[in-house]
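Residue numbers (the numbering used here), protein chains in the order written: chain U, 1 to 321; chain F, 1001 to 1321. The beta-carbon is built from N, C-alpha and C at its ideal position, and this holds for glycine as well.
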């Protein structure tokens, strides 16, 4: 994926390394540990491709923005892992497992500061775009926490949460990429819709893989959301499509007052979810969002970068299959 | 204190309340809990007074900046308390005790975002000033953690840490106040020196009270730093001025591998520190920094606001006596 901009993504990695570099080796060390842990670089790739598709002329101009988005994303992962008590991230001990909560919190602050510094060179409107994404992320995370164990979560509530937690940063990233290209407002808005919709599709597939994949295929343990009492789209689907008796079992596991619930219960709940055909349903929902992302770019003139954005959207719903 | 700007500080409180207001009542609730917990509002007062002393004409123009500084300060307290495992803040359960670590972390992010939003309306250079203070705070905090239990901490290292942890935000706050008044660069720099020096004096007295006051006089338990293995100026003084035998005791308590060390050991160490006359020494050091703060404003034309800034500096070294 993103072969077209491999070299440019290398520039992003170097920009990130420079942004977190400093005399404080502990901070730089933690920052590099989390940023360098092999993320897929999806967000910065979309920033760069959007810049190019919006007729940006020197891709280097978008590199700091792409770096900032990835750094912000990484900082939120540190917080998520602390909040979820996750011990593993991308196959390695999570930051707070390796360095302790205190140091990891400071490193996350440091990363956010570095990101804002990268963005601030573009101007106040760029900062406003990123800042409002950060505010949405905070709101989304608190909603997510509030609905922990809530088997009655509606599809509408689910979409509001992932829209804020994931959609907002995808949207903001694509927007600043296009703004850096000097695109007019309607074009910024159109790309923003693209970013939001691919963000939603991306998150739906993530949630689907966690509930419906097997650990071997996924390369990490499945059922994390269920163990944390987080209700996602495949769960919502199963809660209205599983046999009556099975629904009661799902509700019990979701609302369990043992956190995490016993492994056997989680495994049983996952079997129930899979038996409903939730994976196919959710991938279809993701595909619709990907289609809507593509439609948002219908007026964008053809280019190699636009092709890549379309292809990214096309591949989304199939990810991890 | 700050009678001259009581009404304006009320505006700051209202600006803070507006900035953290939102549909997410959990977030607004936590934010209000921590912001409304009766801080002394020292930082916003200095922002407003500096604005006025730099000939700013409509104090309302400085209110969002003052609010932002207080909000940032409050967000760092949430992190500090999580990192230090402090259960009490300003006589009430700390945020993470009341709401859990996850929610508190999100609230801190939310506060930072709200603060950056308040500042961004002033322009990119204001954001840069605040951002570099935030970066310094992160670096100072990590240094602080790294030197936990280090009885060999030098005075120079201590000053570097408090310069970053406390001095930087005082300095940045005063600077943005003066920048909002449209002051020329040399004046911004002079006020910045004032902010930094009163910040240092403020922190020195804080650290001195924690080591040398008694709980009744202070209104909260003393010896917190020592229990956490944090070496502050009174400790550094005692480590080179106590009788040889007592120094060994101090070093043992500081470097204790039991955290917190037994209460009896802490009490004994505090008695040793007090017996060295550390309080008088540290207050004298604070007084020198306050003097240097006043000198930084020597070229600022006389005004009621300047008088207040001078008086604030004068009172610093006596605080809590």
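Best match in the options for proximity to residue i [C-alpha to C-alpha]
| i | options | result |
| --- | --- | --- |
| residue 1320 of chain F | F:1138, F:1296, F:1276 and F:1220 | F:1220 |
| residue 1155 of chain F | F:1082, F:1074, F:1198 and F:1239 | F:1239 |
| residue 1027 of chain F | F:1073, F:1103, F:1018 and F:1295 | F:1103 |
| residue 98 of chain U | U:16, U:244, U:47 and U:32 | U:32 |
| residue 190 of chain U | U:85, U:171, U:3 and U:36 | U:171 |
| residue 9 of chain U | U:65, U:20 and U:57 | U:65 |
| residue 278 of chain U | U:310, U:234 and U:314 | U:234 |
| residue 1142 of chain F | F:1119, F:1311, F:1126 and F:1080 | F:1080 |
| residue 1193 of chain F | F:1298, F:1209, F:1093 and F:1273 | F:1298 |
| residue 1245 of chain F | F:1223, F:1268 and F:1313 | F:1268 |
| residue 1039 of chain F | F:1023, F:1073 and F:1017 | F:1073 |
| residue 1044 of chain F | F:1022, F:1023 and F:1016 | F:1016 |
| residue 34 of chain U | U:210, U:93 and U:182 | U:93 |
| residue 107 of chain U | U:161, U:51, U:159 and U:24 | U:24 |
| residue 202 of chain U | U:223, U:288 and U:179 | U:288 |
| residue 286 of chain U | U:317, U:270 and U:165 | U:317 |
Delimiting residues of the alpha helix (DSSP H) encompassing residue i
| i | result |
| --- | --- |
| residue 1122 of chain F | Premise fails: residue 1122 of chain F is in no alpha helix (DSSP H) and is neither H nor E. |
| residue 203 of chain U | 185 to 212 |
| residue 166 of chain U | Residue 166 of chain U -> no alpha helix (DSSP H), and no H or E assigned at all. |
| residue 1040 of chain F | Premise fails: residue 1040 of chain F is in no alpha helix (DSSP H) and is neither H nor E. |
| residue 1083 of chain F | 1063 to 1084 |
| residue 1280 of chain F | 1278 to 1296 |
| residue 263 of chain U | 263 to 275 |
| residue 1215 of chain F | 1215 to 1218 |
| residue 240 of chain U | 233 to 241 |
| residue 1153 of chain F | Unbroken run through residue 1153 of chain F: none, as it is neither H nor E. |
| residue 1311 of chain F | 1304 to 1316 |
| residue 5 of chain U | Per DSSP, residue 5 of chain U belongs to no alpha helix (DSSP H) and is neither H nor E. |
| residue 1246 of chain F | 1244 to 1254 |
| residue 96 of chain U | 95 to 99 |
| residue 1225 of chain F | 1224 to 1227 |
Chain-ordered chain U contacts of residue i [CB-CB under 8 angstroms]
| i | result |
| --- | --- |
| residue 1146 of chain F | 26 |
| residue 1128 of chain F | 117 and 120 |
Amino acids of chain U, ordered along the chain, whose beta-carbon sits closer than 7 angstroms to that of residue i
| i | result |
| --- | --- |
| residue 1138 of chain F | 27, 106, 109, 110 and 113 |
| residue 1131 of chain F | 113, 116, 117 and 120 |
Whole-angstrom C-beta distance between residue j and residue i, which should lie under 8 angstroms
| i | j | result |
| --- | --- | --- |
| residue 176 of chain U | residue 1123 of chain F | At roughly 18 angstroms, the Cβ-Cβ gap does not stay under 8 angstroms, so residue 176 of chain U and residue 1123 of chain F are not in contact. |
| residue 70 of chain U | residue 41 of chain U | 7 angstroms |
| residue 260 of chain U | residue 227 of chain U | 4 angstroms |
| residue 1083 of chain F | residue 101 of chain U | 7 angstroms |
| residue 1049 of chain F | residue 1284 of chain F | Contact doesn't hold; Cβ gap of about 25 angstroms is too wide. |
| residue 1113 of chain F | residue 135 of chain U | 5 angstroms |
| residue 1019 of chain F | residue 1095 of chain F | At roughly 17 angstroms, the Cβ-Cβ gap does not stay under 8 angstroms, so residue 1019 of chain F and residue 1095 of chain F are not in contact. |
| residue 1196 of chain F | residue 1167 of chain F | 5 angstroms |
| residue 1127 of chain F | residue 1119 of chain F | 5 angstroms |
| residue 325 of chain U | residue 254 of chain U | Absent from the structure is residue 325 of chain U, since the part of chain U shown begins at 1 and ends at 321. |
| residue 1306 of chain F | residue 1300 of chain F | 5 angstroms |
| residue 290 of chain U | residue 198 of chain U | 7 angstroms |
| residue 1181 of chain F | residue 1051 of chain F | 5 angstroms |
Neighbouring residues, chain F, relative to residue i (Cβ below 9 angstroms)
| i | result |
| --- | --- |
| residue 82 of chain U | 1082, 1101, 1102 and 1105 |
| residue 143 of chain U | 1024 and 1026 |
| residue 134 of chain U | 1109, 1110, 1112, 1113 and 1116 |
Rounded C-alpha distance that separates residue i from residue j
| i | j | result |
| --- | --- | --- |
| residue 1053 of chain F | residue 1029 of chain F | 35 angstroms |
| residue 63 of chain U | residue 1230 of chain F | 41 angstroms |
| residue 1281 of chain F | residue 1251 of chain F | 20 angstroms |
| residue 1007 of chain F | residue 1014 of chain F | 11 angstroms |
| residue 237 of chain U | residue 105 of chain U | 36 angstroms |
| residue 1058 of chain F | residue 1304 of chain F | 15 angstroms |
| residue 1315 of chain F | residue 1004 of chain F | 16 angstroms |
| residue 1163 of chain F | residue 1214 of chain F | 26 angstroms |
| residue 1225 of chain F | residue 22 of chain U | 27 angstroms |
| residue 85 of chain U | residue 78 of chain U | 10 angstroms |
Interface residues of chain F facing residue i [CB-CB closer than 7 angstroms]
| i | result |
| --- | --- |
| residue 212 of chain U | In chain order: nothing, as chain F lies at least about 26 angstroms away. |
| residue 124 of chain U | 1120, 1123 and 1124 |
Amino acids of chain U, ordered along the chain, whose beta-carbon sits closer than 9 angstroms to that of residue i
| i | result |
| --- | --- |
| residue 1020 of chain F | The premise fails here: residue 1020 of chain F is roughly 11 angstroms from chain U at the closest Cβ pair, so nothing lies under 9 angstroms. |
Chain-ordered chain F contacts of residue i [CB-CB under 8 angstroms]
| i | result |
| --- | --- |
| residue 79 of chain U | 1105, 1106 and 1109 |
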